[in-house]
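*Asks:* Residue numbering for the sequence shown is 14 to 185, as defined by this note's numbering.
Ideal placement from N, C-alpha and C gives every residue a C-beta, glycine not left out.
Every value quoted in this text rests on a predicted model; they were computed, and no experiment measured them.
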Amino acid sequence: MSSGVRAGVLAILLIALVSVQYAALDLIAVHGVVPNLVLLLTVAAGLSMDLPVAVVLAFCGGLLMDLAPPAMHPVGGWALAMVIVALLAARQRDDAADSPIQGLLTVAACSFVATSVYAFIALVSGAPGLGVGQVLGVILIAVLWDVALAPWLLPSFTKLLPKLLQPEPIRR
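Right, here's the structure in full:
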């Protein structure tokens, strides 16, 4: 598989995850909060891929989240949050490989940080009707959602990503 095809497959995967996250999972939202599938893919990328590739994937996924309708918030908040998540997950690569519990803790920490960064940007930019109490509730629900889905999605993503991006051996 050529690098262009790999990039296309990753783009389709990101678009599919954002679409499912904003369209299908909206049906099971709790106080407007849905599981963050892009965050789980970003954590898996940080845990299983080279850091530069994980950061680019995180940025693209976050930017797609920023631009997905209804985009009535500052563009770049999710992109920044996902890049930070990729960096944090990469720092936990060795520990998370040893234990599934460590993987869940990594997801919880990354979810907390990403949602907090995004909420901070929303608060600073003056999002209407947003208070600190609401933000704390949203962060808690987001972490619970992401940790609830992590046992099923994180192992799948962690196995899938290196296979998609592993270069083919040169045949002579």
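One question on the structure: do Val160 and Thr128 come within less than 8 angstroms of each other, judged by their Cβ atoms?
*Replies:* Counting from 1 along the sequence shown, the entry for residue 160 is found at position 147. Counting from 1 along the sequence shown, the entry for residue 128 is found at position 115. No, the pair does not count as a contact, with Cβ atoms beyond the cut-off.
*Asks:* When you compare the CB positions of Tyr131 and Gly89, do they come within less than 8 angstroms of one another, or not?
*Replies:* As a position in the sequence shown, residue 131 is number 118, starting the count at 1. As a position in the sequence shown, residue 89 is number 76, starting the count at 1. No, these two residues do not count as a Cβ contact at 8 angstroms.
*Asks:* How many Å lie between Val22 and Gly59 at the Cα?
*Replies:* Here the question's residue 22 lines up with position 9 in the sequence shown. Here the question's residue 59 lines up with position 46 in the sequence shown. Answer to the nearest angstrom: the Cα atoms are 18 angstroms apart.
*Asks:* Decide if Ile97 is buried, meaning its Cβ has at least 16 other Cβ atoms within 10 Å, or exposed.
*Replies:* Translated into the one-based positions of the sequence shown, residue 97 becomes position 84. The residue is buried, with at least 16 neighbouring Cβ atoms inside 10 Å.
*Asks:* Considering just the uninterrupted stretch of the alpha helix (DSSP H) at Val130, what are its terminal residues?
*Replies:* Translated into positions along the sequence shown, residue 130 becomes position 117. Val130 -> alpha helix (DSSP H) spans Pro113 to Val137.
*Asks:* Checking 8 angstroms against the spacing of the C-beta atoms, do Leu70 and Thr55 come in under that value?
*Replies:* Locating residue 70 in the sequence shown gives position 57, counting from the first residue. Locating residue 55 in the sequence shown gives position 42, counting from the first residue. Contact flag set, yes.
*Asks:* With DSSP run on the structure shown, which of helix, strand or coil describes Val7?
*Replies:* Here the chain comprises residues numbered 14 to 185, so residue 7 is not present and cannot be evaluated.
*Asks:* Would DSSP call Val69 helix, strand or coil?
*Replies:* Translated into the one-based positions of the sequence shown, residue 69 becomes position 56. Correct three-state label for Val69: helix.
*Asks:* Do the CB positions of Ala103 and Leu64 come within less than 8 angstroms of each other?
*Replies:* By one-based count along the sequence shown, residue 103 stands at place 90. By one-based count along the sequence shown, residue 64 stands at place 51. Yes, the pair counts as a contact, with Cβ atoms nearer than the cut-off.
*Asks:* With a 10 Å radius around its C-beta and 16 neighbouring C-beta atoms as the bar for buried, classify Ser138 as buried or exposed.
*Replies:* Here residue 138 refers to the residue found at position 125 when the sequence shown is read from its first residue. By the neighbour-count rule (16 or more Cβ atoms within 10 Å), Ser138 is not buried but exposed.
*Asks:* Given this structure, state the Cα-to-Cα distance separating Met62 from Leu162, to the nearest angstrom.
*Replies:* What you label residue 62 is simply residue 49 of the sequence shown in a count that begins at 1. What you label residue 162 is simply residue 149 of the sequence shown in a count that begins at 1. Those two C-alpha atoms are separated by around 21 angstroms.
*Asks:* Between Phe72, Ala140, Ala20 and Ala155, which lies nearest to Cys123 when the distance is taken from Cα to Cα?
*Replies:* Position 110 of the sequence shown holds residue 123. Checked all of Phe72, Ala140, Ala20 and Ala155; the closest Cα to Cys123 is Ala155.
*Asks:* Report the rounded CA-to-CA distance for Leu149 versus Ile41, giving the unit in angstroms.
*Replies:* For this step, residue 149 is matched to residue 136 along the sequence shown. For this step, residue 41 is matched to residue 28 along the sequence shown. The straight-line gap from Cα to Cα measures roughly 20 angstroms.
*Asks:* Grouping DSSP H, G and I as helix and E and B as strand, with all else coil, what is Val43?
*Replies:* Residue mapping note: residue 43 aligns to position 30 of the sequence shown, counting from 1. In the structure shown, Val43 sits in a strand (DSSP, three-state: E or B).
*Asks:* What does a CB cutoff of less than 8 angstroms around Leu100 pick up in its chain, not counting 5 residues either side in sequence?
*Replies:* The residue labelled residue 100 in the question sits at position 87 within the sequence shown. The answer, listed in chain order, is Gly59, Leu64 and Val68.
*Asks:* Report yes if the CB atom of Val33 is closer than 8 angstroms to the CB atom of Ala81, and no otherwise.
*Replies:* For the purposes of this step, residue 33 is taken as residue 20 along the sequence shown, with counting starting at 1. For the purposes of this step, residue 81 is taken as residue 68 along the sequence shown, with counting starting at 1. No, the Cβ-Cβ distance between Val33 and Ala81 is not below 8 angstroms.
*Asks:* Leaving out the 5 sequence neighbours to the left and right, which residues in its chain are closer than 7 angstroms to Ala57 when beta-carbon positions are compared?
*Replies:* Reading the sequence shown from its first residue, position 44 is the one you call residue 57. Excluding residues within five positions, the ones whose Cβ falls inside 7 angstroms are Leu167, Phe170, Thr171 and Leu174.
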